[in-house]
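Take 569 as the starting number for the sequence shown in this note's numbering and just add one per residue.
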Amino acid sequence: MDYRYRGFYGTAYRHALPAVAPLAQSGVPETVIGWNWLRALSALAADRRRLAAGKALAQEGKITAVYVEPGTITAFLSTHIPFGQRVQIHVPLLGEPKWSQLSSLARSRAHVLADRSAQDALAEIIKIGESRSLYLLPELTDIETWCDCRSRKGICDHASAALHHFARCLDVEPFTLLLLNGRSGADFFAGVDDPEHRSLQPNYHPPTLPEHRTDAFEVYSRWMFNTPPPLPPLPRAPGPLIPDGLPAGTDPAARLLAAGAADRAADILRAALRSPGRPLTDATQQLTPRRDRERLASLPEAPASAAEPSS
Numbered sequence: 569m570d571y572r573y574r575g576f577y578g579t580a581y582r583h584a585l586p587a588v589a590p591l592a593q594s595g596v597p598e599t600v601i602g603w604n605w606l607r608a609l610s611a612l613a614a615d616r617r618r619l620a621a622g623k624a625l626a627q628e629g630k631i632t633a634v635y636v637e638p639g640t641i642t643a644f645l646s647t648h649i650p651f652g653q654r655v656q657i658h659v660p661l662l663g664e665p666k667w668s669q670l671s672s673l674a675r676s677r678a679h680v681l682a683d684r685s686a687q688d689a690l691a692e693i694i695k696i697g698e699s700r701s702l703y704l705l706p707e708l709t710d711i712e713t714w715c716d717c718r719s720r721k722g723i724c725d726h727a728s729a730a731l732h733h734f735a736r737c738l739d740v741e742p743f744t745l746l747l748l749n750g751r752s753g754a755d756f757f758a759g760v761d762d763p764e765h766r767s768l769q770p771n772y773h774p775p776t777l778p779e780h781r782t783d784a785f786e787v788y789s790r791w792m793f794n795t796p797p798p799l800p801p802l803p804r805a806p807g808p809l810i811p812d813g814l815p816a817g818t819d820p821a822a823r824l825l826a827a828g829a830a831d832r833a834a835d836i837l838r839a840a841l842r843s844p845g846r847p848l849t850d851a852t853q854q855l856t857p858r859r860d861r862e863r864l865a866s867l868p869e870a871p872a873s874a875a876e877p878s879s
């Protein structure tokens, strides 16, 4: 696993892309952003040959999950290997000064971006950036890949399939391209609206998301490569209703009252389990003093003093 951007875990800067339909048999994405992504990667004839190697895997739907964080695409493929194939694709990031420049350029076109769809707005942002040599779409020569297959080729079939599949992901969530270049869509547009937004300040780090998130690959690694902790001890067998905590020499009448209270508590709990919607009630509260003395006298080993009315 690449730990360069570990600080983005649990923030909006590490995003799990939703499941999308595989690449069509024509090999062409459905929107202009996905098409521009593949066109930029295959600008040269040699790049087109290398990129076409994994198109069949993308068309067969072999990609099972895709995660995006600044500068990195992590994809998982279903292959003949028991636990699948993992591939990471690294692209160059747009530096903070360039993000500030791009936000300033887009600010003059904010009224145009507000009226357009996500696809058209991102296409306009790409066009604005290219006019000042700020490129959001990488070329194949800018990309570095790592794959479990340990292929000696620069771009293996699995990495090529992941690049094709990411084009389909851009059809669904186009602003993921901004995140891949180092800025989430929310922070970018906040910087367009506000020149003093914190995302435009040096050494900006996104706030942590409120909900807890656990990386599935880390959980699997802990289970696979570490000794599991010992099981907790078995609970003790339930003892008598009256614990042995009463001090020695306790008056027998007091022990009798404690036993009666424990029995009533057990009856109340059993009634609550049988009828969860009904409130807890103690039947002994409805007894008269005389009937309560008779109830105590009927308990086993009841001392005579407990059954006699007090003078």
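Where is the CB? At the ideal position from N, CA and C, for every residue including glycine. Bear in mind the structure is a predicted one, so any value in this text is a computation, not a measurement.
Between the Cα of residue i and those of the options, spot the shortest distance and give me the residue it belongs to.
i	options	result
V588	F793, R751, V740	V740
Y581	G697, L746, K666	L746
V655	S767, P857, A727	A727
F757	S676, E698, L606	S676
G759	A621, W667, W605	W667
P706	R790, I641, A826, G629	I641
D762	I696, A674, S789, A821	A674
P658	P774, H765, N749	Before going on, a small fix: residue 658 reads as His here, not Pro. Considering only alpha carbons, the answer is N749.
I711	G602, G629, S610, A584	S610
N604	V634, S646, Q687	Q687
G639	G622, A620, T632, P660	P660
P597	R618, L585, R617, K623	K623
E862	R766, G828, L606, V787	G828
G652	S671, T632, L662	T632
L670	G753, I693, R607	I693
Which term fits residue i, buried or exposed, when burial requires 16 or more other beta carbons within 10 angstroms of its beta carbon?
i	result
L799	exposed
G722	exposed
H732	buried
N794	exposed
L837	exposed
S789	exposed
W791	exposed
L802	exposed
R804	exposed
P857	exposed
H583	buried
Q769	exposed
A678	exposed
E628	exposed
G753	buried
S767	buried
Classify residue i as helix, strand or coil using the three-state DSSP reduction.
i	result
A872	In this prediction, A872 scores a pLDDT of 45, lower than 50, which makes its location untrustworthy; the coordinate-derived value is nonetheless stated afterwards. Looking at A872 - three-state DSSP - the assignment turns out to be helix.
E598	coil
E764	coil
E786	helix
F743	coil
S752	coil
H733	helix
H773	coil
L799	coil
G828	helix
L591	coil
Could you tell me which residues DSSP pairs with residue i in its beta bridges?
i	result
F644	A633, R654
H583	V636
W714	Q656
Length at least 4, wholly inside the segment 653-708: the alpha helix (DSSP H) runs in chain order
664-675, 678-682, 686-698
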